[in-house]
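Inspection log for the structure reproduced underneath, given as C-alpha cells.
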Amino acid sequence: MENKNVQILLTKLHESLTPKGFELLIEKLLEKLGFDDIEVTGQSGDSGIDLMATLRRSEIPGIETNISYKIQAKRISPEVTLNPRYIRELRGSMVSGERGILITTANVSRKSVEEEALRDVSRLVLVIDGEKLVELCKQYEIAIIKQYDIDKDYIHKIEKKEKKHAKDMMGINIVATKLVTENDIRAKILRIPKDIKDKIGENKSVNLYFDETIKTTLNIDKTGTYIGGVTDIFKKYNLIKDDGMYLPKVSLWGIFKDGFVVKFIDKDNIINVMERKPA
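Just so you know, we're using my numbering here: the sequence shown kicks off at 388 and counts up by one.
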C-alpha cells in the first residue's frame with residue numbers, strides 16, 4: 388500500500404512540475420541536505436549540468452573539507468526506466484575528485500547504479516530515483532504537504548520567486564539570501580552569498596548593519612567565502628540560544644549605506660518574506 392501511495396505522489400509530482408520548476412525544487416532539496424554555494428546553471432540539453440553545489444564538513448575543529456558536486460535533474464515519466472547514458476554523460480563532465488548527483492523522477496535499475504554510477508571511484512555519481520526523491524520531499528516537507536499530496540502552491544512560489552527582488556518589513560531591498568547552517572553556527576562564521584561576493588570584490592573587510600543603525604566592520608577570510616567574529620551577533624539574534632543550542636536561520640542581505648544590511652529569519656518564513664510586495 389505504501390509503495391502504491393509513493394507511486395501516486397511521484398506521478399503527481401512529475402505532472403505538476405515544469406522542467407525549470409524541477410530544477411528549483413532540487414535547489415531547495417540541496418539546501419535542506421546541507422549543501423552550500425548552490426547555483427542553477429541554466430544549461431540545456433541532456434548532457435548539460437543543471438546545478439552545481441559544495442558540501443562542506445567541519446568534523447575536526449578548524450579544518451573544513453569542501454567537496455564540489457555537479458547535479459543533473461532529469462524530469463522523466465515515473466513509468467520509464469532511466470537510460471544509463473545519462474549517468475555516463477554526467478560522469479564525463481566531472482574531473483577527478485568531483486562528485487555527481489543525478490536526481491530523476493524516473494525509475495533507475497540496480498544494474499545502472501552498479502555498472503555506471505560506481506564505475507569510477509574518483510568520479511562517483513549518487514543516483515536518486517523517483518521513489519527516493521518522494522521520500523526526501525516527505526522528510527523535509529518540500530512540495531509535499533503533510534497529507535502527502537503535491538503542494539502546487541509551493542511549486543508556484545519557488546518559480547515565481549526566481550529573479551524577483553523583494554522588500555522586507557523594514558523596506559530594505561533584499562538582493563540575496565543564504566542559509567546559516569548548524570555547521571556555520573558551530574564554526575562561528577557567516578557565509579557570504581554569491582551575489583554579495585561579487586559586489587564586495589577584493590575587499591578584505593565589509594560594513595554590515597544588523598539593525599540599520601549601528602555599523603559593524605568585520606573581516607572577510609582570505610578566500611572571500613565567509614565573515615568571522617560573529618559569535619555575539621549569533622547570540623543576539625538567537626542563532627545561538629541561551630541553552631547553547633544552535634538554531635539555523637536564513638540570512639537576508641540588502642544594499643545599505645556604505646555596506647549591507649543583514650537580517651536573520653526563521654527558515655519557515657523565507658517564502659513569505661521574499662514574496663512581500665514592495666512598499
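We put the CB at the ideal spot given by N, CA and C, even for glycine.
Note that the structure is predicted; figures quoted are calculated from it, not measured.
Cβ-Cβ distance between residue i and residue j below 8 angstroms
| i | j | result |
| --- | --- | --- |
| R478 | V512 | yes |
| A493 | K461 | yes |
| D608 | G616 | no |
| G641 | N560 | yes |
| M481 | R506 | no |
| I529 | K415 | yes |
| R486 | I436 | no |
| G421 | L438 | no |
| L626 | F651 | yes |
| L397 | V508 | no |
| V425 | L412 | Going by the sequence as given, residue 425 is Ile instead of Val. Against a cut-off of 8 angstroms, the Cβ pair of L412 and I425 comes out as no contact. |
For residue j and residue i, the rounded distance between their alpha carbons
| i | j | result |
| --- | --- | --- |
| V393 | E518 | 7 angstroms |
| K419 | Y527 | 7 angstroms |
| Y541 | L523 | 16 angstroms |
| P471 | S592 | 48 angstroms |
| I395 | I537 | 10 angstroms |
| S403 | N594 | 43 angstroms |
| Q588 | L566 | In the sequence under discussion, the amino acid at residue 588 is Gly, which differs from the Gln named in the question. Their Cα atoms are separated by approximately 21 angstroms. |
| D582 | I601 | 23 angstroms |
| H543 | T568 | 26 angstroms |
| R475 | L605 | 45 angstroms |
| R497 | T491 | 15 angstroms |
| V514 | P465 | 15 angstroms |
| K644 | E599 | 9 angstroms |
Range covered by the alpha helix (DSSP H) that runs through residue i
| i | result |
| --- | --- |
| Y473 | R472 to G479 |
| I413 | P406 to K419 |
Enclosing beta strand (DSSP E) for residue i [first to last residue]
| i | result |
| --- | --- |
| E426 | F422 to V427 |
| K565 | N560 to V567 |
| K591 | Where K591 is concerned, there is no enclosing beta strand (DSSP E), given that its DSSP letter is neither H nor E. |
| K650 | G646 to I652 |
Cβ-based burial, residue i [other Cβ within 10 Å; buried from 16]
| i | result |
| --- | --- |
| V648 | buried |
| K550 | Below a pLDDT of 50, predicted positions are generally treated as unreliable, and K550, at 44, falls in that range; the measurement from the model is reported next regardless. That one is exposed. |
| R444 | exposed |
| H401 | buried |
| D516 | buried |
| S638 | buried |
| P406 | exposed |
| T428 | exposed |
| D653 | exposed |
| D630 | exposed |
| D585 | exposed |
Worksheet item: Which runs of the beta strand (DSSP E), 3 residues or longer, sit entirely within the segment 594-642?
Response: Entirely contained in the segment 594-642, the beta strand (DSSP E) runs reaching 3 residues are, in chain order, 602-606.
Practice prompt. Output the residue ranges of the alpha helix (DSSP H) runs that lie fully inside the segment 482-534 and measure 4 residues or longer, sorted by chain position.
Written response: Within the segment 482-534, the complete alpha helix (DSSP H) runs of at least 4 residues fall at 517-527.
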